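Student: Input: one structure, supplied below.
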Amino acid sequence: MKIYITGLPSGYDVEHLVRLFYPMAPLTLTPPAEDEDCVWASRDDTGLSVLVREKGASRRASAPLPQEDTPEFALASLTYDLLRSWTGLRPPWGKMTGVRPVRLIHDKRAAGWTEAQIDQWFLGRFDCSEEKYRMAKAIADLQEPILRRGSEPKAYSLYIGIPFCPSRCSYCSFVSCNLDRDRKLVQPYVDCLCRELEAIRTEADKAGLHLQSIYIGGGTPTSLSADQLRQLMGTVRDQFPLEGLAEYTVEAGRPDCTDAEKLAVIKEYGATRISINPQTFSDEVLARIGRRHSAQDILDCYAAARAAGHTDINMDLIAGLPGDTVEGFEHSLKTAIALDPENITVHTLTLKRASRIVMEDQEDNTYADVAAMLEKCSLLPAAGYRPYYLYRQKNTLQNLENVGWSKPGSEGYYNIYIMEEVQTILSAGAGGSTKLVDTAGHRMQRIFNFKYPNEYIQRFDEVLERKKGVSAFYDYDLGTETPGGD
Ligand code: SF4
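So for the sequence shown, this note's numbering puts the first residue at 14; every next one is plus one.
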């Protein structure tokens, strides 16, 4: 099955929706031959048309040019409707291609729509399943008071990136250096990071910003030695007011580099929340994705975290990992629930081009029924968890979602703030993307750091120079342009 699209500046939405029905269909730039299986979507001055041809049979649909919608959405919608009737399949999120379904609900509420109008619009426009919509709506309800706090004028969160990991997971598309290979970069990186944090504090003060949450993520922050963690978190404690923070999270993601000493440092220096990320409790799947630890190591790490006094723990799981099964995923979920962490985040595997899984061995991987895996999340409400944030990513298996579940009162604020883009996020470290949000003036601007640690270290003066764009953004009178990133 090939995908051929003509007459649109970007056929991305059409292509994306065709792949819900034909996941491996390639895009072609030349018209398919008469006997070739294809989905052929086109727009010209007379209207929109779609042809599906498969195993000698075919069906067409056509529509006039849209008056209100964009041609992109209208042609994507026509294509979806044709393929749904052709295949008999109904994807859970219907024809929605956007990554923030909850935001759509917030936006319509802010625009004064009634709940009935939003229900009708959402379900009708996207052909989304009632179940997915109800979850998105419950999350929107739960987020409202949290977003009110997060969108206070001049509120901000601080993100600190540690782009090092003990080994590379096969599905990873992040910029993350292998500790074995790049250990010599770690100390100079931490030294620069501490200087950048000082610069951020100066800029935040100049702009009159007040800090609401801190998130140290990666990569794997516990790739740092205990002393490097002390240096980094000591700088954070010296530079930023920790009292009154809504949350201070450190990802202690992998047990192969997280020990009792590091867990104690994280606690001692003020973190209120950590994340230990099993992804799966199957040793076979862990080996398959390139993790150098066992499921037992995760259980031991979790016990050590509790012993160190951590009272707010998140655990990430991934549905759809290569080699996993529906029963295997259910076992992982039940194991996580039995540990009773305050948060469980269930991701769906995303196949990103920069990941090894896509570049090297996609052919060898089979992906079990991910929708059936996610159905097992019905175990979570019975164990006292509520969904509190939801987002989707491009190229996710079966176009499914990632959902953060929490015990009441343990919602991860930073996750909500960053997903709903309600406040400024000041980012430190390689790959950092500072997002400046002015809710009153409806302005948004980004400042990018260099992507790779060696470039970040070598061109650190430029990193500091760019950071001056933070106070400039808030200084209307200067009208300063923020220097662009790479
Ligand atoms: S731990 Fe996370 S950042 Fe590190 S390699 Fe694995 S997926 Fe990538």
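Ideal Cβ placement from N, Cα and C applies to all residues, glycine included. Because the structure is a prediction, the values reported are computed rather than measured.
Which class does Asn412 belong to by DSSP, given the choice of helix, strand or coil?
Tutor: It is helical.
Student: Taking the Cβ atom as the reference point for each residue, do Gly70 and Val63 lie within a distance shorter than 7 Å?
Tutor: A small correction: the amino acid at residue 70 is Ala; Gly does not occupy that position in the sequence shown. Going by C-beta atoms, Ala70 is not nearer than 7 Å to Val63.
Student: Tell whether a beta-carbon distance below 7 Å holds between Ala277 and Val263.
Tutor: Cβ atoms of Ala277 and Val263: not closer than 7 Å.
Student: Strictly by DSSP, which residues pair up with Ala441?
Tutor: In DSSP, Ala441 forms a bridge with Ile173.
Student: Which residues bound the beta strand (DSSP E) around Leu299?
Tutor: Unbroken run through Leu299 is the alpha helix (DSSP H), 296–301; no beta strand (DSSP E).
Student: Tell me Leu40's beta-bridge partners as DSSP assigns them.
Tutor: DSSP, once it has assigned bridges, lists Ile16 as partnering Leu40.
Student: Between the Cα of Ser419 and those of Thr338, Tyr402, Tyr430, Arg113, spot the shortest distance and give me the residue it belongs to.
Tutor: Of Thr338, Tyr402, Tyr430, Arg113, the residue nearest in Cα terms is Tyr402.
Student: Run the proximity test for Gly232: is its beta-carbon closer than 6 Å to any non-hydrogen atom belonging to the ligand SF4?
Tutor: Indeed, a heavy atom of the ligand SF4 lies less than 6 Å from the Cβ.
Student: Please state the DSSP three-state secondary structure of Pro10.
Tutor: For the chain, the structure presents residues 14 to 499; residue 10 sits outside this window and is missing.
Student: Ordered along the chain, which non-local residues of its own chain (more than five positions away) have a Cβ less than 6 Å from that of Pro77?
Tutor: Excluding sequence neighbours, Pro77 sits near Gly60.
Student: Using only CA atoms, which one of Asp26, Phe34, Tyr172, Ala46 lies nearest to Ser90?
Tutor: When only C-alpha atoms are compared, the closest one is Asp26.
Student: When every heavy atom of the ligand SF4 is checked, does at least one fall within less than 6 Å of the C-beta of Cys178?
Tutor: Cys178: yes, Cβ under 6 Å from the ligand SF4.
Student: Check Gln436 in the structure and name its three-state DSSP category.
Tutor: DSSP places Gln436 in coil when its eight states are reduced to three.
Student: Does the distance from the C-beta atom of Gly444 to that of Gly174 stay below 7 Å?
Tutor: Taking 7 Å as the Cβ cut-off, Gly444 and Gly174 qualify as a contacting pair.
Student: Buried or exposed: which applies to Lys108, given that a residue is buried once 16 or more other Cβ atoms fall within 10 Å of its Cβ?
Tutor: When all chains shown are included, Lys108 counts as buried.
Student: Is the beta carbon of Glu211 closer than 7 Å to that of Ala239?
Tutor: Cβ atoms of Ala239 and Glu211: not closer than 7 Å.
Student: At the level of alpha carbons, what is the spacing between Gly397 and Leu477?
Tutor: Distance between the alpha carbons of Gly397 and Leu477: 45 Å.
Student: Between Leu410 and Gly333, is the Cβ-Cβ spacing less than 7 Å?
Tutor: Contact: yes.
Student: Are there any heavy atoms of the ligand SF4 lying less than 6 Å away from the beta-carbon of Arg181, as far as the coordinates show?
Tutor: Yes, the Cβ of Arg181 comes within 6 Å of a heavy atom of the ligand SF4.
Student: Excluding the 5 residues preceding and the 5 following Tyr282 in the sequence, name in chain order all residues of the same chain whose CB lies nearer than 8 Å to its CB.
Tutor: Cβ neighbours of Tyr282 beyond the five flanking positions: Leu242, Arg243, Met246, Gly247, Val249, Arg250.
Student: Compute the minimum distance between the beta carbon of Ser440 and the heavy atoms of the ligand SF4, and state whether it is under 6 Å.
Tutor: For the ligand SF4, not one heavy atom lies less than 6 Å from the Cβ of Ser440.
Student: Taking contact to mean 3 or more Cβ pairs, one atom from each stretch, closer than 8 Å, check whether the stretch 209–229 and the stretch 159–174 are in contact.
Tutor: At 8 Å Cβ cutoff, the stretches touch.
Student: Looking at the ligand SF4, does it come within less than 6 Å of Ser288, judged from the CB to the closest heavy atom?
Tutor: No - the ligand SF4 has no heavy atom lying nearer than 6 Å to the Cβ of Ser288.
Student: Less than 6 Å between C-beta atoms, sequence neighbours within five positions excluded: which residues of the same chain meet that for His360?
Tutor: Excluding residues within five positions, the ones whose Cβ falls inside 6 Å are Ile331, Asn415.
Student: Using beta-carbon positions only, say whether Leu21 and Arg56 come within less than 7 Å of one another.
Tutor: Contact flag set, yes.
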